[in-house]
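Once you know that position 131 of the sequence shown is 131 in the UniProt record's numbering, the rest is easy, because the numbers rise by one and skip nothing.
Every residue gets a Cβ at the ideal spot worked out from N, C-alpha and C, and that includes glycine.
These numbers were taken from a predicted model, which means no experiment stands behind them.
Here the structure comes first, spelled out in structure tokens, and everything after it is commentary.
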Amino acid sequence: MLLAQRSAKKAICPLMWDVSVAGHIDAGETAEQATIRETKEEIGLSITSNELFKIGVFKCFSNYKNGLIDNEFHITFIAQINTPINKLTPQIDEVDALKYVSINEFQKLIDTIGNNNNHFAPSNKTYYQTVLTKISQKLA
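Printed below as a string of structure tokens:
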């Protein structure tokens, strides 16, 4: 699984790790088009709609210590990629680092969310577990 460390410049959860690509849909754009665009922008990877597999739409309503509020829906896709990490190009304003982790490593990281684990935002634990379950089902 490809994970991205959020840029230190981000107002929400700076330097925390997250799913590899996230963003907002532009006016007139479909969720698939936004995913393809954001993937190219954030990590320099070109993908096609044929490579995307939609796993669901998830509510995200969070309040942060800095006063910011997220009220959004995560339209979530997965894709199999075989690109070496050194061939990906993180966008500096969005991503500080990228890394691949195994499914088992991702599960261990999820299991420790909230136990002094500053790897992921605690509010996303259920979301990450759902994504991992969907990926595991797709691989089965």
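| Item | Value |
| --- | --- |
| Identified DSSP bridge partners for Ala-97 | Gln-5 |
| CA nearest to the CA of Phe-73, picked from Asn-82, Pro-84, Cys-60 and Ile-81 | Cys-60 |
| Best match in Cys-13, Gly-56 and Glu-41 for proximity to Gly-23 [C-alpha to C-alpha] | Glu-41 |
| According to DSSP, residues forming a beta bridge with Ile-78 | Phe-53 |
| Selected residue, minimal CA-CA separation from Lys-138, among Gln-80, Tyr-128 and Gln-107 | Gln-80 |
| Simplified DSSP state of Phe-58, which is helix, strand or coil | strand |
| Member of Ser-102, Tyr-128 and Lys-99 whose CA lies at the smallest distance from the CA of Asp-111 | Tyr-128 |
| Minimum Cβ-Cβ distance from Phe-77 to chain B less than 8 Å | In the displayed structure, chain B is absent; only one protein chain is listed. |
| DSSP three-state assignment for Phe-120, whether helix, strand or coil | coil |
| Length of the line joining the Cα atoms of Lys-54 and Ile-75 | 8 Å |
| Which residues DSSP lists as bridging Val-21, in chain order | DSSP output for Val-21 lists no bridge partner at all. |
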